[in-house]
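Below: the structure, in structure tokens.
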Amino acid sequence: DGGITQSPKYLFRKEGQNVTLSCEQNLNHDAMYWYRQDPGQGLRLIYYSQIVNDFQKGDIAEGYSVSREKKESFPLTVTSAQKNPTAFYLCATRQAGETQYFGPGTRLLVL
Amino acid sequence: AQSVAQPEDQVNVAEGNPLTVKCTYSVSGNPYLFWYVQYPNRGLQFLLKYITGDNLVKGSYGFEAEFNKSQTSFHLKKPSALVSDSALYFCAVRESSGTYKYIFGTGTRLKVLA
């Protein structure tokens with residue numbers, strides 16, 4: 589996990605509330621990704637960014653938003669439009685080659 | 259459509275025995291294939307990858323994987339399993355469209371019995 593930090597480790601959301609998950613990296617990697625992990629479903633791509641100030645929707649972007657204002661940071665906001673947000677959220681970076689590196693994850697729970 | 263399949267939800271193996279975790283894929287063009295391991299409540303750790311070259315790829319912690327183009331498979335193997343290998347294993351493939359998107363399998367839980 590070294591070089592990629594995700595905070596908080598656990599996050600609780602009340603109904604109707606927007607919450608933001610932090611992802612910071614000091615690996616100097618250009619590309620960053622957000623995945624959602626649910627039991628038995630593997631990882632599903634929410635958003636990804638190949639470069640600063642640019643990002644693309646993944647397969648399950650509805651109810652989520654991101655920004656990429658700095659190379660080091662790629663925060664994910666879970667909006668109130670996401671009706672089933674309970675999951676384990678993983679941030680990843682990619683170096684110039686093919687390999688992705690993952691952060692330790694944030695578990696989001698709904699109160 | 260491009261996809262990755264891990265046909266076994268769980269694999270049980272005795273400590274010291276060889277282990278195999280299966281993965282098959284479907285992509286257009288040349289596949290870029292990966293194996294990751296996940297311990298409880300942790301992120302994924304990279305084990306190994308196949309991009310090109312030798313069909314037998316060696317990775318971290320004594321793991322290896324064999325790329326078989328005719329069978330579209332990329333099975334993960336280890337000659338002698340350890341109890342500490344017990345974890346969740348994911349196979350992934352990079353989409354060949356140039357978008358740098360990755361497709362993950364649903365994961366296989368490996369349980370090594372002492």
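Chain order of the listed sequences is A and B. Last residue of the first sequence? That's 699 in the working numbering, and every number before it is there in order. Last residue of the second sequence? That's 372 in the working numbering, and every number before it is there in order. Ideal placement from N, C-alpha and C gives every residue a C-beta, glycine not left out.
(message) Taking contact to mean 3 or more Cβ pairs, one atom from each stretch, closer than 8 Å, check whether the stretch 275 to 291 of chain B and the stretch 328 to 337 of chain B are in contact.
(response) Yes: the two stretches touch, three or more of their Cβ pairs being nearer than 8 Å.
(request) Output, in chain order, the set of chain B residues within a Cβ distance shorter than 8 Å of residue 596 (chain A). (result) What residue 596 (chain A) touches in chain B: nothing, since even the nearest Cβ is about 13 Å away.
(request) If I'm right that residue 696 (chain A) touches residue 601 (chain A) with Cβ under 8 Å, what's the distance once you round it to whole angstroms? (result) 6 Å
(request) Tell me whether residue 589 (chain A) sits in a helix, a strand or coil according to DSSP, three-state version. (result) Caution is warranted here: a pLDDT of 48 is assigned to residue 589 (chain A), below 50, making its placement in the model unreliable, and no coordinate value can be reported.
(request) For chain A, find out if any of its Cβ atoms is closer than 8 Å to the Cβ of residue 302 (chain B); answer yes or no. (result) yes
(message) What does the alpha-carbon distance come out to for the pair residue 673 (chain A) and residue 698 (chain A)?
(response) Annotation: residue 673 (chain A) to residue 698 (chain A) spans about 7 Å, alpha carbon to alpha carbon.
(message) In whole angstroms, give me the CA-to-CA distance for residue 539 (chain A) and residue 364 (chain B).
(response) Here chain A comprises residues numbered 589 to 699, so residue 539 (chain A) is not present and cannot be evaluated.
(request) Starting from the Cα of residue 267 (chain B), find the closest Cα among B:336, B:307, B:301, B:278 and give me that residue. (result) It is B:278.
(request) Determine, using beta carbons only, whether residue 367 (chain B) comes closer than 8 Å to chain A. (result) By this cut-off, residue 367 (chain B) is not an interface position.
(request) Mind checking the stretch 321 to 346 of chain B against chain A and listing, in chain order, the residues whose C-beta falls within less than 7 Å of any C-beta there? (result) Under the 7 Å Cβ criterion, the stretch 321 to 346 of chain B contributes no residue.
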